[in-house]
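The sequence shown maps to residues 0 to 336 in numbering that gives the first Met the number 0. Note that beta-carbon positions come from the ideal geometry of N, C-alpha and C, so glycine has one too. Structure, as C-alpha cells:
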Amino acid sequence: MIIGHGDDIYNQDNKIVWNFSSNVDTHQDLSALRAYITTCIHQIHSYPEPDAGSLARVLAEKNGVNQTNLAITNGATEAIYLIAQAFAQAKTAIIIPTFSEYEDACRINQHQLSYYSHLSEVHEELDLIWLCNPNNPTGYTYSKEYLLKFINLHPKTVFVIDQSYEHFCREELFTMLDSKSISNLILLHSMTKHFAIPGLRLGYLSSSENLINKINYFRMPWAVNQLAIEAGKFLETQYDNLVDVEKLLENAHILKKELAKMDELEVSPTTTHFFMCCIKDKHRTAQDLKEFLVKNYGILIRDASNFRGLTPQHFRVAAQNKEANNVLIKAIKEWIS
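Here it is as C-alpha cells:
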C-alpha cells in the first residue's frame, strides 16, 4: 500500500480550510442521504447480503444489463485487488502516471509488469492492460473510438479501464452495456467519486458474465457493509447525477487558465475538474509548496511526486468553487514571489 494518497487531511496538524488534494466533489448536497441513513441504523444488527445483490439488481436494471454482469465492491479499490488476484502472474502493462493501487495489487499477485506513458506505445502481447480514463492524476481522457479500435486489435488482452471519474467530464466513455458485449473489457466504477461518499467505500465493476465469474471466485463475503448498500440503492434510485458538471468544469478551466499565466508553473491539459502542475525551478518542490499552503492558508494540495513517472516538482489540484480557487491562486503567487 502506498503511503501518501491524496486527501491526507488526517495527517495535517493545521486546520484545513480549502481541500484541493481530493478528486471528490465535496460540494454535493447529501442531506437527504444522511437523513435516509439514520432510518437504516437498526439494520446494523444483521449481516448484510454476502454479495450486495440488491444493489446489483438496482444498477443492472438502471443500466440495461444483467445482474451477472456486475460485482459490487468495497470501493473501486477492492475491485482492483480482486482483478489482480484473478489474473495472478499475468503479463501486465500499466499506463502511467496513474493510480498507484494498480501496481501494488499486481505486484502482490506476482504480475510481470511493464509501464507505458501512452497506449500507442504498447506493441507487445499482454494478458492485461490497466488504464484510468479520465486519468488520475493528469486528467487526460482517451476517446471511446480510439480505445475501441485498440481493444479490437488486441482480442487476447483484457483491458481494465477505470472510469471512476466518468461523471466529471463531457467526453463519451464506455457504458455498462459496452462492457457486457465486449468480451475483453472490464470497467471500474466508483460511487465514492460519483456521489462524494469516500467514507462509505462503494464501487462496482461491470464486464462479461465470463469475466465477472472469474473475478467473483476470489470475493470475500460481506465485503460491503449494510449502510453502504442502502446508501447505494438510495442514491441510484433518487438521483441520476448530483454533480453540476458544467459549473465544475467551468471553475476548473478558470483556475487552470490563471495558474498557467504563472511563468514558474507548467500546467497540463485536462478534460475534467483536476489537473497536473509542475514547478519549473528544480530547487523547489511540491512538498515545499504544500507545507507553505497548509501553514499559511489552510490549503491542501496533492504532492504528486510519488506517482511513478512524475518528479518532486509535480502536484495535482482539483478545482473548488470560485472563492476557494481565488485563494489558491493568491497563495501560490505569494509562494512563488
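| query | Taking the beta strand (DSSP E) that residue 275 falls in, what are its first and last residues? | reply | Counting from one through the sequence shown, the residue named residue 275 turns up at place 276. Here the beta strand (DSSP E) through residue 275 covers 273-278.
| field | Simplified DSSP assignment, three categories, for residue 357 | value | In the structure as shown, the chain starts at 0 and stops at 336, and residue 357 therefore has no counterpart that could be examined.
| field | First through last residue of the alpha helix (DSSP H) which encompasses residue 211 | value | As a first step, residue 211 must be located in the sequence shown, where it is residue number 212. DSSP places residue 211 in the uninterrupted alpha helix (DSSP H) bounded by 208-215.
| DSSP three-state call for residue 336: helix, strand or coil? | For the purposes of this step, residue 336 is taken as residue 337 along the sequence shown, with counting starting at 1. DSSP places residue 336 in coil when its eight states are reduced to three.
| query | In whole angstroms, what separates the C-alpha of residue 27 from that of residue 247? | reply | As a position in the sequence shown, residue 27 is number 28, starting the count at 1. As a position in the sequence shown, residue 247 is number 248, starting the count at 1. Their Cα atoms are separated by approximately 11 Å.
| Using the beta-carbon count (16 or more within 10 Å), is residue 100 buried or exposed? | Along the sequence shown, one-based indexing puts residue 100 at 101. Answer is buried; the Cβ neighbour count reaches 16.
| said: Restricting to runs no shorter than 4 residues, where is the alpha helix (DSSP H) found entirely within the stretch 69-113? | reply: DSSP assignment within the stretch 69-113 yields the following whole alpha helix (DSSP H) runs of 4 residues or more, N-terminal first: 74-85 and 100-107.
| For residue 91, does the count of other Cβ atoms within 10 angstroms reach 16, so buried, or fall short, so exposed? | As a first step, residue 91 must be located in the sequence shown, where it is residue number 92. Using a 10 angstroms sphere on the CB of residue 91, the tally of other CB atoms reaches 16 or more, which defines it as buried.
| field | 6 Å CB neighbourhood of residue 206 in its chain, flanking five on each side removed | value | The residue labelled residue 206 in the question sits at position 207 within the sequence shown. Counting only Cβ-Cβ distances below 6 Å, and skipping sequence neighbours, we find 178 and 185.
| request: On the DSSP bridge assignment, give the partners of residue 158 in chain order. | output: Start at 1 with the first residue of the sequence shown, and residue 158 comes out as number 159. Secondary-structure assignment with DSSP links residue 158 through a beta bridge to 128 and 184.
| task | Using beta-carbon positions only, say whether residue 202 and residue 74 come within less than 8 Å of one another. | result | Numbered from its first residue, the sequence shown carries residue 202 at position 203. Numbered from its first residue, the sequence shown carries residue 74 at position 75. Taking 8 Å as the cut-off, the beta carbon of residue 202 is found closer than this to the beta carbon of residue 74.
| Buried or exposed (CB count within 10 angstroms, at least 16 for buried), residue 219 | Taking the first residue of the sequence shown as 1, we reach residue 219 at position 220. A residue is called buried once 16 or more other Cβ atoms fall within 10 Å of its Cβ, and residue 219, having fewer, is exposed.
| message | Cutting at 6 Å between CB atoms, please list the residues of its own chain near residue 199, excluding the five before and the five after it. | response | Taking the first residue of the sequence shown as 1, we reach residue 199 at position 200. Around residue 199: 227 and 230.
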